[in-house]
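Peer 1: Attaching a single structure in structure tokens format; questions to follow.
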Amino acid sequence: MTTVDLPLLPLGRGTDLTSERGVECPGDLPPASDPSLVARARAAKDALGDKVFILGHHYQRDEVIQFADVTGDSFKLARDAAGRPDAEYIVFCGVHFMAESADILTGPGQQVILPDLAAGCSMADMARLTQVEMAWEAMTEAGIADSVVPVTYMNSSADIKAFCGRNGGVVCTSSNAEVALEWAFAQKADAPGGAKVLFLPDEHLGRNTAVQKMGLTVDDCVVWDPHLPGGGLTAEQLRDATMILWKGHCSVHGRFSPEVVDELRATIPDVQILVHPECRHEVVLKADLVGSTEFIIQTIEAAPAGSSWAIGTELNLVKRLATAHPDKNISFLDKTVCYCSTMNRIDLPHLVWALESLVAGTVVNRIEVDPDTEKWALVALERMLALPGKTHKD
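Here the sequence shown is numbered in the working numbering, starting from 32 and rising by one per residue.
Set out below in structure tokens:
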């Protein structure tokens with residue numbers, strides 16, 4: 032590894048004002064030092080039996096992943112939950128937008144639980160509904176709204192997905208972003224001046240897909256900054272653009288730099304650079320392979336023994352891959368620790384608290400999407416599911 036290993040501090044105590052849902056945990060957490068936590072989690076899960084189904088995102092801590100019934104990326108997990116209609120409780124060890132998607136896709140008799148409500152997503156938090164509605168108004172004033180199809184990444188809140196559903200748009204994952212963009216451009220192919228896409232909330236995935244996969248240029252893309260008047264763009268710039276990218280990013284993937292890529296190539300013979308498309312465009316240009324989390328996992332699994340890899344994604348997953356494949360030289364594409372801080376709020380004390388509360392008959396931290404938002408978010412999700420190709424992976 033090219034990083035130092037530091038202990039993860041117990042999170043979730045107090046208020047995180049930068050999180051998507053910054054609230055305190057409404058209950059007494061067991062201390063992280065409690066040596067019986069693993070036994071308590073196992074006992075509570077056994078007591079609940081088939082009534083509970085635990086989902087573990089790839090970026091979760093190992094201490095939590097060990098109790099997951101299934102692991103995967105956000106949309107895969109939500110669909111896995113929908114495939115278990117007999118499970119009364121869905122405990123989602125991920126972040127808030129993922130639990131929302133699970134609530135949208137599961138049945139009315141199922142309850143989705145997020146062990147820590149402060150486990151948000153910085154990227155999802157960068158696009159608020161009021162901000163997006165203001166951007167849409169600006170596009171209407173510029174005379175282009177009828178030519179724009181909104182496309183939102185799965186890593187967005189339910190109300191942003193619903194906005195896309197109401198306005199003829201679609202949801203995408205990092206695996207099917209190219210197919211989703213092809214669909215979006217086809218919807219307005221006859222519009223004066225051609226079709227445009229508003230891509231939310233990750234500018235890097237939007238730019239990388241448009242330029243690397245769709246044949247567009249960087250100049251075809253403009254960035255809407257919700258913190259600037261008019262998004263920092265003129266009406267003329269909006270009219271000239273093909274891709275209107277929302278100014279948002281992943282706080283983890285945005286850290287990787289082209290300088291570290293160059294350094295690793297100089298120090299590790301024959302190293303292959305494997306990165307997620309949420310990385311900056313300059314990093315993607317220098318990478319050997321670019322793909323979703325599932326693509327990264329599958330690539331390492333299929334790689335020959337003795338091969339060298341530097342991976343640009345969340346550190347928990349990179350460490351897990353390195354442990355699972357000791358015959359390969361796997362490095363982290365950063366010099367410093369790069370855990371997803373909000374994802375890591377789901378720690379063992381929170382999981383134990385949530386499970387033991389269920390055993391005691393108390394449902395804690397239930398995630399519920401209101402009916403109207405659910406209706407329109409589901410429209411956008413179903414449009415994605417109707418796209419050709421693989422649509423179930425992030």
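No residue lacks a Cβ here, since even glycine has one placed at the ideal position from N, Cα and C.
Please read all numbers here as calculations on a predicted model, not as lab measurements.
Quick one: residues in its chain with C-beta nearer than 7 Å to the C-beta of Leu389, no 5 flanking neighbours on either side, listed in chain order?
Peer 2: Cβ neighbours of Leu389 beyond the five flanking positions: Leu79, Val83 and Tyr120.
Peer 1: So what does DSSP say about Met415, is it helix, strand or coil?
Peer 2: Here Met415 sits in helix by DSSP.
Peer 1: So what does DSSP say about Gln303, is it helix, strand or coil?
Peer 2: Looking at Gln303 - three-state DSSP - the assignment turns out to be strand.
Peer 1: Does DSSP put Val126 in a helix, a strand or coil?
Peer 2: Here Val126 sits in coil by DSSP.
Peer 1: Would you decide whether Glu131 is buried or exposed? Buried here means 16 or more other CB atoms lie within 10 Å of its CB.
Peer 2: So Glu131 ends up on the buried side.
Peer 1: Taking the alpha-carbon of Gly199 as reference, which of Trp167, Tyr90 and Pro66 has the nearest alpha-carbon?
Peer 2: Ranking Trp167, Tyr90 and Pro66 by Cα distance to Gly199 puts Trp167 first.
Peer 1: Relative to the C-alpha of Phe363, which residue among Ala193, Val122 and Leu348 is closest?
Peer 2: Nearest option by C-alpha distance: Leu348.
Peer 1: Indicate whether at least one CB of chain B lies closer than 8 Å to the CB of Ala112.
Peer 2: Looking for chain B here will not work: only one protein chain is present.
Peer 1: Which runs of the alpha helix (DSSP H) spanning at least 4 residues fall entirely within the stretch 192-251, listed in chain order?
Peer 2: Fully enclosed alpha helix (DSSP H) runs of 4 or longer: 208-218 and 234-243.
Peer 1: Output needed for Glu387: all residues of its chain with C-beta closer than 6 Å, excluding positions within five of it in sequence on either side, in chain order.
Peer 2: Hits under 6 Å: Ala75.
Peer 1: Taking the straight line between their C-alpha atoms, what separation do you get for Leu418 and Leu86?
Peer 2: Near 25 Å, if we compare the C-alpha coordinates of Leu86 and Leu418.
Peer 1: By the DSSP assignment, the beta strand (DSSP E) with Val83 in it spans what residues?
Peer 2: Unbroken beta strand (DSSP E) run through Val83: Val83 to His88.
Peer 1: Mapping DSSP to helix, strand and coil, what is Phe98?
Peer 2: Correct three-state label for Phe98: coil.
Peer 1: Spell out the partners DSSP gives Pro181 in its beta bridges.
Peer 2: Paired residue(s): Leu229.
Peer 1: By DSSP's criteria, Asn360 is part of a beta bridge. Which residues make up the other side?
Peer 2: DSSP lists Ser339 as partners of Asn360.
Peer 1: Could you spell out where the alpha helix (DSSP H) holding Gln162 opens and where it closes?
Peer 2: Residues Leu160 to Glu172.
Peer 1: In chain order, what residues of the same chain lie with their CB nearer than 7 Å to the CB of Asp81, ignoring the 5 residues before and after it?
Peer 2: Correct list, in chain order: Asp117 and Ala118.
Peer 1: Using a Cβ-Cβ cut-off of 8 Å (strictly less than) and excluding sequence neighbours within five positions of Arg73, which residues of its own chain qualify?
Peer 2: Answer for Arg73: Phe98, listed in chain order.
Peer 1: Counting pairs of Cβ atoms below 8 Å between the stretch 237-250 and the stretch 157-177, do you hit three or more?
Peer 2: Touching, no, given that fewer than three Cβ pairs across the two stretches are closer than 8 Å.
Peer 1: State buried or exposed for His307, treating a residue as buried only when at least 16 other CB atoms are found within 10 Å of its CB.
Peer 2: Buried.
Peer 1: For Val291, report the span of its alpha helix (DSSP H) as first-last.
Peer 2: Note, Val291: alpha helix (DSSP H), Pro289 to Thr298.
Peer 1: According to DSSP, is Val410 part of a helix, a strand, or is it coil?
Peer 2: Val410 falls in the helix class under three-state DSSP.
Peer 1: CB of Ile299 to nearest heavy atom of the ligand NAP: below 7 Å?
Peer 2: Summarising the ligand content, the structure contains no ligands, and the ligand NAP is consequently not present.
Peer 1: Would you tell me roughly how many angstroms separate the C-alpha atoms of His258 and Ala355, rounded to the nearest one?
Peer 2: Spanning the two alpha carbons is a distance of roughly 43 Å.
Peer 1: Considering only the beta carbon of each residue, do Leu379 and Val95 sit closer than 8 Å?
Peer 2: Taking 8 Å as the Cβ cut-off, Leu379 and Val95 qualify as a contacting pair.
Peer 1: Should the stretch 247-262 be called in touch with the stretch 320-333, which here means at least 3 C-beta pairs below 8 Å?
Peer 2: Verdict: no, contact absent.
Peer 1: With H, G and I counted as helix, E and B as strand and the rest as coil, what does DSSP make of Val69?
Peer 2: Three-state result, Val69: helix.
Peer 1: Would you say Trp277 and Ala408 are within 8 Å of each other, going by their C-beta atoms?
Peer 2: Taking 8 Å as the Cβ cut-off, Trp277 and Ala408 do not qualify as a contacting pair.
Peer 1: Could you tell me the boundaries of the alpha helix (DSSP H) in which Ile327 lies?
Peer 2: Where Ile327 is concerned, the enclosing alpha helix (DSSP H) stretches over Thr324 to Ala333.
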